[in-house]
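*Asks:* Below is one structure. I have some questions about it.
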Amino acid sequence: MPKILIIEDEEAVRENILDLLEAENFETIAAANGRIGLHLAISEVPDLILCDMMMPQLDGYGVLTALRQDPSTVTIPFIFLTAKSAKSDFRQGMNLGADDYITKPFTRAELLSAIMNRLEKHATLKRYLSPKGLINNSSPKMQLLEISLHRAIKQHNFEEFEIYYQPIVDIASGKIVAAESLLRWQSLELGLIYPTEFIPLAESTGLIVPLGKWVLKNVCQQIKVWRDFGIYPLIIAVNLSVIEFNQPGFIEKVVNFIDINGLEPHYLELELTESMIMQDVNSAIATMSKLQSLGVKIAIDDFGTGYSSLIYLKNLPINTLKIDRYFIHNVATDLQKSAITKALIQMAHNLNLDVVAEGVETEAELEFLRQQNCNFMQGFLFSRPLPAAEFEKILLTNKCLYID
Ligand SMILES: [Mg+2]
């Protein structure tokens with residue numbers, strides 16, 4: 012289905028349009044201001060954009076002007092939404108290259124007919140203007156993967172996906188205190204597909220939004236199941252995609268899953284990467300602070316591999332630092348890695364953060380981490396990621412990192 016980006020700062024209007032388009036089976040992405048809208052237009056390349064004209068900071072004219080200067084977005088059909096009906100505004104919008112113009116309040120029929128007209132016209136133009144074969148320049152394999160991913164989400168209702176849990180262990184006591192949830196896709200058509208292959212595709216097609224929502228929903232349900240089962244409280248971490256994190260309504264979504272399962276928010280941890288935060292530091296900090304004030308924990312994932320400066324770290328509302336596996340691999344013998352890891356652990360502790368070492372595979376690595384007072388470890392030395400039932404088993408047997 013065509014993907015439509017809605018850029019609208021008024022929440023009620025935005026939600027209304029989203030409901031309407033989703034009921035028609037359009038794929039939708041939403042932005043609450045012009046800046047995020049522009050970012051999504053470039054990263055998502057939607058099939059059509061609906062954009063409010065009057066918005067604070069970057070308004071609809073500004074968005075359109077920027078889009079028309081970028082070769083990747085110049086031809087995307089663009090429809091202005093506005094409460095104004097003055098003729099001069101209409102002219103200005105059209106002169107900048109808008110394709111149509113709808114005055115609020117509009118009816119469902121008006122909106123849909125404007126969208127369908129534009130999409131049809133655009134498809135016809137594309138057929139005439141594109142040399143054969145250039146319309147879709149991705150490889151047959153990628154196309155197949157995309158079709159399968161779409162089917163797995165929209166038709167097979169996520170049945171091909173499974174959430175695995177990798178234990179996170181307290182280095183001092185040897186006990187499991189948390190787990191990171193990790194998504195696995197066993198495609199009926201293509202077999203096991205690794206997240207490194209399908210996550211970027213899910214991101215570029217916008218499918219990450221329903222997929223991420225499914226993961227979050229399932230993890231929250233699982234936390235409740237384990238709690239009701241009498242298993243001692245565990246923190247479960249969920250990896251987020253930048254697109255989910257920037258979606259309007261993301262916080263409400265998290266709150267909703269916590270509420271319907273009656274969870275204590277501090278048993279849910281959201282893992283963000285440095286690059287996600289650095290894309291727009293201020294707005295990321297605002298979202299993170301809100302989540303943290305609700306009690307949800309925030310971790311920085313794969314730390315050390317991104318480009319963030321350490322200065323930012325002290326301003327970020329986070330609870331946990333996860334040191335990337337790159338630094339942990341051979342940390343006991345590689346002098347540079349051991350120096351960096353030692354400094355990272357110390358710095359994190361000075362900032363009152365917990366530290367998780369990722370990818371711990373050997374006793375020597377573990378011993379080094381213990382000497383440096385690293386809080387937690389995760390890795391094959393203790394356990395690979397496990398299906399929920401298997402993870403439950405090792406919890407019930409009180410599997411410990413150390414043998415007495
Ligand atoms: Mg992670």
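Following my numbering, the residues of the sequence shown are numbered contiguously, the last one being 415.
For glycine and all other residues, C-beta sits at the position ideal for the given N, C-alpha and C.
Could you please give me the residues that DSSP links to Gly-202 through a beta bridge?
*Replies:* On the sequence shown, position 191 is the one that residue 202 refers to. Gly-202 pairs with Ser-198.
*Asks:* Roughly how many angstroms separate the alpha carbons of Arg-195 and Leu-227, rounded to a whole number?
*Replies:* Taking the sequence shown and counting its residues from 1, one reaches residue 195 at position 184. Taking the sequence shown and counting its residues from 1, one reaches residue 227 at position 216. Their Cα atoms are separated by approximately 14 Å.
*Asks:* One question on the structure: do Leu-92 and Glu-35 come within less than 8 Å of each other, judged by their Cβ atoms?
*Replies:* Taking the first residue of the sequence shown as position 1, residue 92 is located at position 81. Taking the first residue of the sequence shown as position 1, residue 35 is located at position 24. Going by C-beta atoms, Leu-92 is not nearer than 8 Å to Glu-35.
*Asks:* Can you tell me which of the three DSSP states Leu-29 falls into?
*Replies:* Taking the sequence shown and counting its residues from 1, one reaches residue 29 at position 18. Of the three classes helix, strand and coil, the one that applies to Leu-29 here is helix, per DSSP.
*Asks:* Pull up the distance between the alpha-carbon of Ala-310 and that of Val-342, whole angstroms please.
*Replies:* Here residue 310 refers to the residue found at position 299 of the sequence shown. Here residue 342 refers to the residue found at position 331 of the sequence shown. Near 22 Å, if we compare the C-alpha coordinates of Val-342 and Ala-310.
*Asks:* In the structure shown, what three-state DSSP assignment does Ile-15 receive?
*Replies:* Working through the sequence shown from its first residue, we reach residue 15 at position 4. Correct three-state label for Ile-15: strand.
*Asks:* Between which two residues does the beta strand (DSSP E) harbouring Asp-312 extend?
*Replies:* As a first step, residue 312 must be located in the sequence shown, where it is residue number 301. That run of the beta strand (DSSP E) goes 308-314.
*Asks:* May I ask which residues mark the beginning and end of the beta strand (DSSP E) holding Phe-91?
*Replies:* Along the sequence shown, one-based indexing puts residue 91 at 80. Taken as a continuous stretch (DSSP letters only), the beta strand (DSSP E) holding Phe-91 covers 89-93.
*Asks:* Taking 8 Å as the cut-off, does the stretch 239-253 touch the stretch 268-278 (at least 3 CB pairs, one atom from each stretch)?
*Replies:* yes
*Asks:* So what does Met-388 bridge to, in DSSP terms?
*Replies:* What you label residue 388 is simply residue 377 of the sequence shown in a count that begins at 1. In the DSSP output, where bridge partners are listed per residue, Met-388 has Val-180, Ala-368.
*Asks:* Using the Cα positions of Lys-348 and Glu-376, report the straight-line distance between them to the nearest angstrom.
*Replies:* Your numbering for residue 348 matches position 337 in the sequence shown. Your numbering for residue 376 matches position 365 in the sequence shown. Taking the straight line from one Cα to the other gives about 11 Å.
*Asks:* Among Leu-362, Ser-54, Cys-385, Ile-262, which residue has its Cα nearest to the Cα of Thr-84?
*Replies:* Indexing the sequence shown from 1 puts residue 84 at position 73. Comparing Cα-Cα distances from Thr-84 to each of Leu-362, Ser-54, Cys-385, Ile-262, the minimum goes to Ser-54.
*Asks:* Does ligand 1 have even one heavy atom less than 7 Å from the beta-carbon of Asn-330?
*Replies:* Numbered from 1 along the sequence shown, position 319 holds the residue referred to as residue 330. False, no ligand heavy atom lies under 7 Å from that Cβ.
*Asks:* Figure out for me which residue from Lys-235, Ala-109, Pro-178, Gly-315 has the closest Cα to the Cα of Lys-353.
*Replies:* Start at 1 with the first residue of the sequence shown, and residue 353 comes out as number 342. Of the candidates Lys-235, Ala-109, Pro-178, Gly-315, the one whose C-alpha sits nearest the C-alpha of Lys-353 is Gly-315.
*Asks:* What is the residue span of the beta strand (DSSP E) that Ile-40 lies within?
*Replies:* Numbered from 1 along the sequence shown, position 29 holds the residue referred to as residue 40. Counting along the chain, the beta strand (DSSP E) containing Ile-40 begins and ends at 38-42.
*Asks:* Is the beta carbon of Leu-205 sitting closer than 8 Å to the one on Phe-402?
*Replies:* Stepping through the sequence shown from its first residue, residue 205 is reached at position 194. Stepping through the sequence shown from its first residue, residue 402 is reached at position 391. Position check: residue 205 holds Tyr in this sequence, whereas Leu was assumed. Contact flag unset, no.
*Asks:* Please go through the same chain and pick out, in chain order, the residues whose beta-carbon is closer than 8 Å to the beta-carbon of Ile-234, but skip the five residues on each side of it.
*Replies:* As a first step, residue 234 is located in the sequence shown; it is residue number 223 there, counting from the start. Once the five neighbours on either side are set aside, the close Cβ partners of Ile-234 are Leu-245, Ile-247, Asn-272, Leu-274, Tyr-278, Leu-279.
*Asks:* Can you grab the Cα-Cα spacing for the pair Tyr-337 / Lys-186, in whole Å?
*Replies:* Sequence index remark: in the sequence shown, residue 337 carries index 326 (1-based). Sequence index remark: in the sequence shown, residue 186 carries index 175 (1-based). Near 24 Å, if we compare the C-alpha coordinates of Lys-186 and Tyr-337.
*Asks:* Alpha carbon to alpha carbon, what distance is there between Asn-330 and Asn-363?
*Replies:* Taking the sequence shown and counting its residues from 1, one reaches residue 363 at position 352. Taking the sequence shown and counting its residues from 1, one reaches residue 330 at position 319. Their backbone Cα atoms lie some 8 Å apart in a straight line.
*Asks:* Roughly how many angstroms separate the alpha carbons of Pro-142 and Ala-134, rounded to a whole number?
*Replies:* On the sequence shown, position 131 is the one that residue 142 refers to. On the sequence shown, position 123 is the one that residue 134 refers to. With a pLDDT of 46 at Pro-142, under the threshold of 50, the modelled position of this residue cannot be trusted, and the question is left open.
*Asks:* Report yes if the C-beta of Glu-214 is less than 7 Å from at least one heavy atom of ligand 1; otherwise report no.
*Replies:* Counting from one through the sequence shown, the residue named residue 214 turns up at place 203. Result no, Cβ not under 7 Å from ligand 1.
*Asks:* For Ala-190, tell me which candidate among Met-153, Ile-254, Met-66, Cys-231 has the shortest Cα-Cα distance.
*Replies:* Counting from 1 along the sequence shown, the entry for residue 190 is found at position 179. Nearest C-alpha to Ala-190: Cys-231.
*Asks:* Please determine if the stretch 16-24 and the stretch 37-51 are in contact, where contact requires at least 3 C-beta pairs separated by less than 8 Å.
*Replies:* yes
*Asks:* Should Gly-108 go down as buried or exposed, given a rule of 16 or more other Cβ atoms within 10 Å for buried?
*Replies:* Against the sequence shown, residue 108 aligns to sequence position 97. Its Cβ having fewer than 16 others within 10 Å, Gly-108 is exposed.
*Asks:* Within 10 Å of its beta-carbon, does Leu-199 have 16 or more other beta-carbons around it, so buried, or fewer, so exposed?
*Replies:* Within the sequence shown, numbered from 1, the residue matching residue 199 stands at position 188. With fewer than 16 other beta carbons inside 10 angstroms of its own, Leu-199 counts as exposed.
*Asks:* Between Gln-383, Glu-208, Leu-251, Trp-237, which has its C-alpha nearest Pro-221's C-alpha?
*Replies:* One-based indexing of the sequence shown puts residue 221 at position 210. Closest option to Pro-221, Cα to Cα, is Leu-251.
*Asks:* With distances taken between CB atoms, is the gap from Met-64 to Gly-73 smaller than 8 Å?
*Replies:* Translated into the one-based positions of the sequence shown, residue 64 becomes position 53. Translated into the one-based positions of the sequence shown, residue 73 becomes position 62. No, the pair does not count as a contact, with Cβ atoms beyond the cut-off.
*Asks:* Flag this pair as yes or no: are the beta carbons of Val-307 and Lys-333 separated by less than 8 Å?
*Replies:* Working through the sequence shown from its first residue, we reach residue 307 at position 296. Working through the sequence shown from its first residue, we reach residue 333 at position 322. With contacts defined as CB atoms closer than 8 Å, Val-307 and Lys-333 fail to qualify as a contacting pair.
*Asks:* With a CB to CB cut of under 8 Å and the five nearest residues on each side skipped, what residues in its chain are close to Leu-130?
*Replies:* To locate residue 130, count along the sequence shown from 1; it is residue 119. Cβ neighbours of Leu-130 beyond the five flanking positions: Pro-13, Asp-58, Leu-59, Pro-88.
*Asks:* What's the call for Ser-304, buried or exposed, on a 16-neighbour Cβ count within 10 Å?
*Replies:* Locating residue 304 in the sequence shown gives position 293, where the first residue counts as 1. Looking at its Cβ environment, which holds fewer than 16 other Cβ atoms inside 10 Å, Ser-304 is exposed.
*Asks:* Within 10 angstroms of its Cβ, does Gln-80 collect 16 or more other Cβ (buried), or is it exposed?
*Replies:* Locating residue 80 in the sequence shown gives position 69, where the first residue counts as 1. That one is exposed.
*Asks:* In three-state DSSP terms, what is Phe-172?
*Replies:* On the sequence shown, position 161 is the one that residue 172 refers to. Reduced to three states, the DSSP call for Phe-172 is strand.
*Asks:* Shorter than 7 Å, the distance from the beta carbon of Glu-416 to the closest heavy atom of ligand 1, or not?
*Replies:* Since the displayed the chain opens at 12 and closes at 415, residue 416 lies outside it and no answer follows.
*Asks:* Am I right that Gln-197 and Glu-157 are in contact with their C-beta atoms under 8 Å? What's the rounded C-beta distance?
*Replies:* Your numbering for residue 197 matches position 186 in the sequence shown. Your numbering for residue 157 matches position 146 in the sequence shown. So it is not a contact: roughly 17 Å between Cβ atoms.
*Asks:* With distance defined between alpha-carbon atoms, name the residue in Leu-380, Val-371, Glu-374 nearest to Leu-355.
*Replies:* Translated into the one-based positions of the sequence shown, residue 355 becomes position 344. Comparing Cα positions, the closest option is Leu-380.
*Asks:* What are the boundary residues of the alpha helix (DSSP H) that Val-226 is part of?
*Replies:* Start at 1 with the first residue of the sequence shown, and residue 226 comes out as number 215. Its alpha helix (DSSP H) spans residues 219-239.
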